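A.B. asks: Numbering of the sequence shown is given in the working numbering, commencing with residue 343 and proceeding in unit increments.
Dumping the structure here so I can ask a few things about it.
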Amino acid sequence: MKLIYTNENRLLVSNIKNILENAGLVIILKNEFSGAGVGDLSAFDTWMEAWLVNDEDYQKAMNVINTSLNNTNYIDWVCDKCSESNTSAFELCWNCQHENNNALAS
Ligand SMILES: [Zn+2]
């Protein structure tokens, strides 16, 4: 079993899981129900994780993820502060870490 994707944003991890399952891959989520109130775990330990059950599917899974993240369904956004373009996979501007204020606009 391989860790295929993890992110602070649980919606993104759920989304990746759905995409991979639609591609016929078997995915298990970890840390699905942790998060707030976990006390002695660091924030990173509580990130939701998508694990690929069959190691031999790893390359296929990575291709699916990369294709999805480059897909036009993921609308790019332009930073208010520095005018850099970001893919929607980024919640913060890659250049200046400014928050994406347009996240819910479309
Ligand atoms: Zn910026």
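Glycine included, C-beta positions come from ideal geometry on N, C-alpha and C.
Nothing here was measured: the structure is a model prediction, and the numbers come from that model.
1. Per DSSP, which residues does Met390 bridge with? Please list them.
2. Looking at Ile361 and Ala403, is the spacing between their C-beta atoms short of 7 Å?
3. Under the DSSP definition of a beta bridge, which residues are partnered with Ser356?
4. With respect to 6 Å, is the separation between the Cβ of Glu433 and the closest non-hydrogen atom of ligand 1 below this value?
5. If you follow the beta strand (DSSP E) that Lys423 is part of, which residue opens it and which one closes it?
6. Using a Cβ-based criterion (distance less than 6 Å to any ligand heavy atom), does Asn443 qualify as near ligand 1?
7. Mind checking whether Glu441 and Leu434 have CB atoms under 7 Å apart?
8. In whole angstroms, give me the CA-to-CA distance for Glu374 and Asn396.
9. Indicate whether Trp436 and Asn443 have their beta-carbon atoms separated by less than 7 Å.
C.D. replies: For this structure:
1. Within the sequence shown, the letter at position 48 stands for residue 390. The secondary-structure analysis by DSSP pairs Met390 across a beta bridge with Asn349.
2. Stepping through the sequence shown from its first residue, residue 403 is reached at position 61. Stepping through the sequence shown from its first residue, residue 361 is reached at position 19. Going by C-beta atoms, Ala403 is not nearer than 7 Å to Ile361.
3. For the purposes of this step, residue 356 is taken as residue 14 along the sequence shown, with counting starting at 1. According to DSSP, Ser356 bridges with nothing at all.
4. In the sequence shown, residue 433 corresponds to position 91, counting from 1. For ligand 1, not one heavy atom lies less than 6 Å from the Cβ of Glu433.
5. Along the sequence shown, one-based indexing puts residue 423 at 81. Taken as a continuous stretch (DSSP letters only), Lys423 belongs to no beta strand (DSSP E), as it is neither H nor E.
6. For this step, residue 443 is matched to residue 101 along the sequence shown. For ligand 1, not one heavy atom lies less than 6 Å from the Cβ of Asn443.
7. Locating residue 441 in the sequence shown gives position 99, counting from the first residue. Locating residue 434 in the sequence shown gives position 92, counting from the first residue. The Cβ-Cβ distance between Glu441 and Leu434 falls below 7 Å.
8. For this step, residue 374 is matched to residue 32 along the sequence shown. For this step, residue 396 is matched to residue 54 along the sequence shown. The C-alpha of Glu374 lies about 20 Å from the C-alpha of Asn396.
9. Here residue 436 refers to the residue found at position 94 when the sequence shown is read from its first residue. Here residue 443 refers to the residue found at position 101 when the sequence shown is read from its first residue. No, the pair does not count as a contact, with Cβ atoms beyond the cut-off.
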